[in-house]
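With the numbering used here applied, the sequence shown has no gaps in its numbers, which climb one by one up to 1114 at the end.
We treat Cβ as the ideally placed atom computed from N, Cα and C, and that holds for glycine.
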Amino acid sequence: MEQVSSTGKPVQITVTDGYDLKGFKGDTPVTFIRAEFNQVVLGDSAKVTVSPEGTAKYNFTSSFEFSPEGGITLDDLAHKPVCLTVIEVLPKEKKQKDEKTLILGQAVVDLLPLLEGESSFEMMVPLHPVPGSPLEPLRSGVKQCSLEVKVFVSEPLLTPAQISGGSLLKVTLEAAYSVPESFILLGPVHNYMVGLQVPSIGEKDYPILFKNGTLKLGGEREPVPRPKKWPVANIQAPGANNIPDAFIVGGPYEEEEGELNHPEDKEFRNQAECIKKRIIWDLESRCYLDPPAVVSFQKRIADCRFWPVEITRVPLTVAPKGKAAKFDKTDDENQLSFHGVAYVNMVPLLYPGVKRIRGAFHVYPYLDSSVYEKTKCLFSLFRDTGHHLIQNNKVGGINSPFSKPVVSKNLKEDKTVREKDIEGRPRPGDVQAPSIKSQSSDTPLEFEPSLCHNTEGQQYVEAGTYIVLEIELDKALVPKRMPEELAKSVKEMIPPRPPLTRRTGGAQKASAKAKAVSDYHMQIKNISRAILDEYHRMFGKQAAKLGSDMDSETLEEQKCQLSYELNCSGKYFAFKEQLKHVVVKIVREKYLKTTSFESQEELQTFISELYVFLVDQMHVALNQTMPDDVQGAVSTIYTTSEQLRLFAFEAEVNENFEMAAVYYEERLVREPQNLEHWLDYGAFCLLTEDNVKAQECFRKALSLNQNHIHSLLLCGVLAVLMENYEQAEIFFEDATCLEPTNVVAWTLLGLYYEIQNNDIRMEMAFHEAFKQLQAQVLQARVTKQKSTGTVDYVEEGGKVESSLDPWGIASGSSTTAIKVEAPAGPGAPLSSLDEFLEEASKLRSDSREPILSIHSQDPTISQKLSNVFLKEIPAKKEASKCQDSSTFLHPTPYGVSQTPTTIFMETLRFLMKFNAVQYVHRVLAHELLCPQGGPSCEYYLVLAQTHLLKKDFAKAEEYLQQAAQMDYLNPNVWGVKGHLCFLSGNHAEAKACYERTISFVVDASEMHFIFLRLGHIYLEENEYEKAKKTYLQACKRSPSCLTWLGLGIACYRLEELTEAEDALSEANALNNYNAEVWAYLALVCLKAGRHLEAEQAYKYTRKLKLKDEALLAEIHKVQETVGFGNPSF
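Here you go:
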């Protein structure tokens, strides 16, 4: 056994027992165990005879020295197992000098628990047979031969700080697919290798190498799940190569983080992974990152974004016996062939909570200039640092840590040449490589014609080669806040509203109480019908019709006869039993009385109170069952919550914000527990730029339901507008945790990170929003196809979004670059953003091409372009006050023809719905940079609406013209154009636009206001019949005081006084504070000759201060004509 020096920490491996062992000869073979680690034999056990039952007592302890400064390191413990080989000693034959031995099987011990802070652990490891061994192979239902192993160290190898701050990196290389046709199975044997470097101890790089890839012909897909294998070479038993409990499980292409994850890539990947040649590794290598290495790893990902993963092929060489193979540097470089590189986007590892990325990555020729530009890496792992690796290429796939990268002797010349290449000066003898475009949504690489001499590497591009790689950490580099923590933070900021106290008089409040009372009403109605039927049977229906004409004595006599009949027949008792159950429910649910009374006085008091309530409710039920012709009093018209909301909208359109506030507040008084009412009032406050009150409303809504997504998002928007950025992040993150599929939540979170200049998290949020939107589009398409009975494969539907990356950037489109200047300082006015939107949209509309240029030199430009001009929300907007607002903003309805939606257009609709206009311009800028959306009809329509709010009619008209050019048949365009003409005083043009709008088969988003204004124009032009028809349509759709008033005016002008009075009465019932309604009622009464009503209506007209002097003069003229109606006469 190997002696351990006193300077290191000994790691002891003890094999205590073996079970179910068998030998080649005999039932009791003699065996011993050989322990190996890091290709070094640690020692052999004593020879032990196996019992007939198959057990053996070894009690064999071996050890090796762990030394962080050199020798066995943490990385060795991470990715190299201890190999235990069970060897049978065969009996000596005659004339045999040495004992003959045969290997029975091998077991591997994973030392990973030592890196998790444990100082000792025990495990039962399976013993895998070598080919030809009598041991039973591992399969279900068969008892497996195994070894009992204990691992011990005197003290933990890692300190608590290293455990908490460090991390374990696992890299799994699955395969390279669609390899060049020049890779053939016949001929010279090659070693296919892949490598990358990661920081391991501090700033020192550690190479992770995968060797001995197996070249295979196509024909079938690799099975999943399949085990991952150890990256070591000294394992002879096939089953022992597999890492315990580690499998390659695959998964849908769309869920991968790499390239080739779009629906249109599916066909190519199916062919590559089934038919074409591939190289299989299925190796997992591990590397321990100490706390400084974790920080370095995180920093390098943020700085470089892309990680070079090299691939190469070298010939396998066999050294002659007794002679050492000699390689010189020139030979090494010549042996490197098919040197390629894949650029792995490591940024997702910086997303909060992300610990794993897996995907397919294109292989490109290894070019110094390209690698440096994308990864800032100066050295090639194989060419500059790996010469002795090639010398040992006959050894299996083992990681060999290098103490320090070896720099080539011509490094200075190489660097000089690279700098010239980067600056664009060609090197003599170079040839051009064709353009390569990545289909990745995560890595928008686009190779320009490059200068290279790597013709072999170019074959990777021609064949479409890609590698499938998985990188996993045991702890996320950026921890994610747990949903519970976010919910707790929200509760601390906005405490949940306490439940209402239970009151004895509130039977109608709670559902149980309301049901008890409604059941009582139902029984009263049933009993009253039964008594009425009995009365009809006894006295006939004619007696009931006499009613008040019948004398009191006859009524009293009939009452006595009816009571006698009910008592004698038992019906009276049956009615009491029928009522008993519902009365008990009222006692329990309303009065909460379930225990006995303590005194007779308390009982009498309760009975009296209950009797009064039951009698009152009996009268309510009887009044409801009364025939219409018997009812005397006229019931008042009760306005519903939706009607109040409509009235508030009308007041907003007419810029009567005081009246709108009254309607909103009335809704809140009626139903203070309805959070939608608070959201509507908050949206109104945003329209009037009262951000403080809007924030109060949204937080009130959130206190009613802390899981309400819209409330959370609006609280976050207000927090951003008021520069409470920490609170905004909590609100947005909580929304994404509560509803991970919400596109708007992820987009608003990305916009927040953009304000914070956190490009990586912004990219993460936009990527997730895009993914969720794509899933929704595909799901909607499948649902539609199922409903029509023509279900197609989802692949075809996915092509709508496939050309976009997560941030709305097309990866294969022709591009036109523009330079975007940022507003100077955080307080830059909104007008600068308007100017940018204007100029960019003009350029886009002229060129009909996207305004982004994405080059391979800087894959991050697609994320940063949108940040150039959007970094801070201005503290004060220079837009005009919303008191100048002209129209109520609403998103374009989904029924209207529109371009395929983007995450930013979805967010625009949400913001416009709640009047968050101050946030809209930020989203409009992103929509402009999105080639799939860009300056669409809806985009220009939103711009026009925002300028209508500022009374900037010239700009609004310009944008409406652009919208009309894109979608001439969009009713919303003509509706908004009609509003523009109406507000600018061009009523003739407004009339034409409104008439065109209502002639479309599909309605515009706000037909109510279109009908109101069109009817108003008809009244102005004395087209009373058209006005009457228009207002009638409005009354049928959404009746309000204004629609009935317009109808009443039209009927009055047509001398239809009865219809006019009916319409004006409806208007007065909905709003009896409208002076114009009272004025026209006065005119109708004057014309009808009703003195008292005319005078009363006129008094209310003067009391409510009618502002229409012409109408007032008309009333005076009619009063003088008829001679009454004015109290001053």
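By alpha-carbon distance to leucine 62, the top candidate from Leu97, Val74 and Glu73 is Leu97.
The three-state secondary structure of serine 152, taken from DSSP, is strand. Residue state for asparagine 44 is assigned as strand, using DSSP reduced to three classes.
Boundaries for proline 111: no alpha helix (DSSP H) harbours it, while the beta strand (DSSP E) harbouring it runs 105 to 111, taken from the DSSP string. With a cutoff of 8 Å on beta-carbon distance, proline 350 and valine 446 are scored as near each other.
When the alpha-carbon of asparagine 1111 is set against those of Asp1093, Ala1067, Thr199 and Lys1090, the nearest one is in Ala1067. Between leucine 6 and alanine 41, the C-beta gap is smaller than 8 Å, which places the two residues in contact.
Inter-residue distance for glycine 1033 and tyrosine 1065 is about 8 Å (C-alpha atoms, whole angstroms).
Here glutamine 543 carries a helix assignment [DSSP, helix/strand/coil].
Per DSSP, reduced to three states, the secondary structure at isoleucine 169 is coil, with no helix or strand assignment.
Glutamine 563 and arginine 522 have their C-alpha atoms roughly 22 Å apart.
Annotation: the continuous beta strand (DSSP E) that includes alanine 231 extends over 227 to 233. Three or more beta-carbon pairs drawn from the segment 16 to 29 and the segment 44 to 51 are found closer than 8 Å, and the two stretches are therefore classed as touching. Runs of the alpha helix (DSSP H) lying entirely within the segment 964 to 1027 and spanning at least 4 residues, in chain order: 972 to 984, 992 to 1005 and 1009 to 1022. By the Cβ-count criterion, aspartate 230 is exposed, with fewer than 16 other Cβ atoms from all chains shown falling within 10 Å of its own Cβ. Counting C-beta pairs with one atom in each stretch, the segment 339 to 357 and the segment 242 to 251 have three or more that are closer than 8 Å, which means they touch. Glutamine 508 is classed as buried because its beta carbon has at least 16 other beta carbons within 10 Å across all chains shown. Taking a 10 Å sphere around the C-beta of serine 281, we find 16 or more other C-beta atoms and assign the residue as buried.
When DSSP states are grouped into helix, strand and coil, glutamate 159 belongs to the strand group. Residue environment for tyrosine 336: buried (at least 16 other C-beta atoms within 10 angstroms of its C-beta). The Cβ atoms of glutamine 602 and histidine 506 sit closer than 8 Å to each other. Taking 8 Å as the cut-off, the beta carbon of isoleucine 479 is found no closer than this to the beta carbon of threonine 732. Under the DSSP assignment, threonine 86 falls in the beta strand (DSSP E) whose first and last residues are 85 to 94. In this chain, the alpha helix (DSSP H) harbouring proline 468 covers 468 to 478.
Checking the DSSP bridge columns, you'll see arginine 19 partnered with Asp29 and Thr70.
Of all C-beta pairs linking the segment 197 to 215 to the segment 101 to 120, fewer than three are shorter than 8 Å, placing the two stretches out of contact. Nearest to histidine 1001 by C-alpha distance, out of Leu909, Gly151, Asn639 and Phe22, is Asn639.
According to the DSSP secondary-structure assignment, histidine 347 is paired through a beta bridge with Tyr451.
Taking a C-beta distance under 8 Å as the contact criterion, valine 71 and glycine 3 qualify as a contact pair.
The C-alpha of lysine 575 lies about 10 Å from the C-alpha of phenylalanine 598. The beta carbon of phenylalanine 560 sits closer than 7 Å to the beta carbons of Ile512 from its chain, once the five residues preceding and following it are set aside; these are given in chain order. Apart from sequence neighbours up to five positions away, the residues of its chain that approach valine 605 with a beta-carbon distance below 8 Å are His506, ordered along the chain. Secondary structure note for glutamate 912: its alpha helix (DSSP H) is the uninterrupted segment 902 to 913. Between serine 474 and isoleucine 740, the alpha-carbon positions lie close to 22 Å from each other. In the displayed model, methionine 331 falls within coil according to three-state DSSP, outside both helix and strand. Going by DSSP, proline 300 is part of the beta strand (DSSP E) stretching over 291 to 300.
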